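Going by my numbering, the first residue of the sequence shown is number 2, and it counts up by one from there.
First the structure, in the form of structure tokens, and then the observations on it.
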Amino acid sequence: MEREILKTINNSQRVLIITHVNPDGDTLGSASALKSYIGNKADILIQIKDNFNFPKTYSFLPHLNQAKNLSDVKDEYDLIVALDVASIDRIIDKARALFDKAQNTISIDHHKTNKNYAKLNLVKGGTSSCGEVLYDFFVKNDIEITSEMAMGLYSAILTDTGCFKYESTTSYTFEIAKQLSKLVNTSEIADLCYTNKAKNLILFQSELVTNAKFCLNDKIAYTLITKDIIEKYSAKDEYTEGICETLRSIYGVEVAFVLKETDNGAKVSIRTKELDATKITDKFNGGGHKRAAGCTIKTNINQAAEKLIETAKELL
Ligand SMILES: [Mn+2]
């Protein structure tokens with residue numbers, strides 16, 4: 002598959018590399034690295050929707066300053082490469098039209114749920130990151146990794162492994178990091194990825210942590226993101242990332258909830274330690290992974306919190 006994909010890239014005239022909707026470090030780092038390899042005949046499309054900003058944090062990555070967004074892709078492409086995009090519904094609007102029209106499509110990904118929606122699929126479910134799959138693709142094709150490519154690949158792997166903390170981090174992940182560390186300044190990349198947050202993001206998250214409530218001997222922790230708090234800090238969608246992990250990180254907390262007030266009910270994120278989070282979200286038609294899941298409860302935010310606490314108490 003690696004060879005076939007390389008051949009297809011080499012034989013294409015115009016290539017569009019697309020990120021997943023509301024991109025993170027993995028999809029952006031991988032896109033940057035692949036563009037570094039392919040060069041002039043490739044463009045990057047960053048898919049953004051709703052109240053989400055392009056994460057400025059990652060503007061240091063090569064080529065992202067020339068990336069296109071959904072409103073300014075006009076050209077036709079004979080090859081589309083989707084990176085870190087778990088399913089076809091994560092390719093939206095104009096990007097989807099281009100994907101459906103393209104002569105060739107490739108998906109390079111690490112999501113277990115990826116159903117091979119492209120013509121060529123390099124999907125390694127359970128691997129640490131798309132960056133790791135892409136690194137392996139380069140190595141298997143004897144492609145030399147430049148320091149520019151290494152910057153994207155290292156950022157992708159660093160951020161998607163939570164700084165090498167998550168279960169998906171293997172000895173091969175560390176081996177790749179070792180090789181990449183010869184080409185880039187790893188501490189500088191870590192600084193660029195993690196010490197560049199918006200002031201309002203930190204103030205918003207601090208208030209939510211301060212407001213957190215605890216029950217069942219501190220086994221359950223939760224906080225409510227009301228429309229008022231969102232307005233107070235002009236909070237973007239991406240500002241909520243990480244709050245649930247902070248609550249879960251407290252000693253004794255087994256289940257953490259973050260509930261966000263929306264026009265369609267309460268949008269809930271759940272993080273757990275031992276408990277299977279999907280056992281909670283199953284009751285509310287949600288889903289996700291064992292330790293991280295989500296759902297929407299179509300009531301007001303306080304009623305939703307009560308329902309969640311009740312369900313968690315039954316399971317704990
Ligand atoms: Mn990823």
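Don't be surprised by glycine CBs; every beta carbon is placed ideally from N, CA and C.
Predicted, not measured: the structure shown is a model, and the values here were computed from it.
Residue i - DSSP class collapsed to helix/strand/coil
i      : result
LEU217 : coil
CYS164 : coil
LYS275 : For the sequence presented, residue 275 should be read as Glu rather than Lys. In the structure shown, GLU275 sits in coil (DSSP, three-state: anything other than H, G, I, E or B).
ILE49  : coil
GLU149 : helix
LEU353 : There is simply no residue 353 to check, as the chain begins at 2 and stops at 317 in what is shown.
SER108 : strand
VAL82  : strand
GLY132 : helix
VAL74  : coil
PHE258 : strand
LYS324 : Residue coverage of the chain in this structure runs from 2 to 317, which leaves residue 324 outside it and unanswerable.
ALA293 : strand
VAL16  : strand
ILE224 : The sequence given here has Thr at residue 224, not Ile. If DSSP states are grouped into helix, strand and coil, THR224 belongs with the strands.
VAL210 : helix
ILE231 : helix
ALA157 : helix
ALA199 : coil
ASN303 : helix
LEU317 : coil
Nearest neighbour of residue i, chosen from the options [CA to CA]
i      : options                           : result
GLY153 : SER13, TYR38, LEU7 and GLY266     : TYR38
ASP27  : LYS141, ARG15 and LEU159          : LEU159
ILE226 : PHE215, LEU209 and CYS216         : LEU209
ARG272 : ILE244, THR297, ALA236 and ASN265 : ILE244
LYS291 : GLN14, LYS299 and THR282          : THR282
ASN105 : GLU246, SER13 and SER72           : SER13
GLY163 : THR263, ILE231 and ALA191         : ALA191
VAL185 : ILE81, LEU260, SER148 and VAL254  : SER148
SER1   : ILE93, ASP90, TYR240 and LYS220   : In the structure as shown, the chain begins at 2 and stops at 317. Residue 1 is therefore absent and cannot be evaluated.
ASN115 : VAL269, GLU77 and HIS21           : HIS21
TYR173 : PHE205, ALA199 and SER130         : SER130
ARG97  : LYS113, ALA267, VAL74 and HIS112  : VAL74
ALA157 : PHE61, GLU145 and ASN117          : PHE61
VAL86  : ASP143, GLN48, PHE175 and ILE302  : GLN48
LEU204 : LYS214, GLU176, LYS166 and LYS237 : LYS237
GLU176 : TYR167, TYR155 and ASP161         : TYR155
PHE128 : SER31, TYR118, ASP110 and LYS284  : Reading off the sequence, residue 128 comes out as Thr, not Phe. When only C-alpha atoms are compared, the closest one is ASP110.
GLN304 : ASN286, GLY266 and GLU133         : GLY266
PHE285 : LYS308, GLU275, LEU276 and ILE302 : LYS308
ILE146 : LYS183, ASN301, LYS299 and GLN206 : LYS183
TYR252 : ILE231, LYS274 and SER188         : LYS274
TYR167 : ASP90, ASP76 and GLU246           : GLU246
Proximity of residue i and residue j at Cβ, strictly below 8 Å
i      : j      : result
LEU181 : ALA222 : no
ASN197 : TYR234 : no
CYS216 : THR58  : no
LYS5   : PHE138 : In the sequence as presented, Lys is not what sits at residue 5; that position holds Glu. Going by C-beta atoms, GLU5 is not nearer than 8 Å to PHE138.
ALA35  : LEU135 : First, the amino acid is wrong: residue 35 is Leu here, not Ala. Yes. Within cutoff.
LYS69  : LEU46  : yes
VAL256 : ALA313 : yes
CYS296 : VAL269 : yes
LYS228 : THR241 : no
SER31  : LEU65  : no
PRO63  : GLU239 : no
GLY126 : ASP161 : no
ILE93  : LYS120 : no
Contacts around residue i, its chain only, beta-carbon distance under 6 Å, and the 5 residues preceding and following it disregarded
i      : result
ASN122 : SER108
VAL82  : ILE18 and ILE107
LEU7   : ASN142
Nonlocal neighbours in the same chain, by C-beta distance under 7 Å from residue i, ignoring five residues either side
i      : result
VAL16  : ILE10, ILE39, LYS42, ALA43, TYR78, LEU80 and VAL82
ILE310 : CYS216 and ILE221
VAL254 : ASP219, LYS220, ALA222 and LEU248
SER72  : none
THR263 : none
GLY288 : THR279, THR282 and ALA294
LEU276 : GLU255, VAL256, LEU316 and LEU317
Neighbourhood of residue i by C-beta, 8 Å cutoff - its chain only, sequence neighbours within 5 removed
i      : result
LYS280 : LEU316
ALA213 : ALA222, TYR223, THR224 and LEU248
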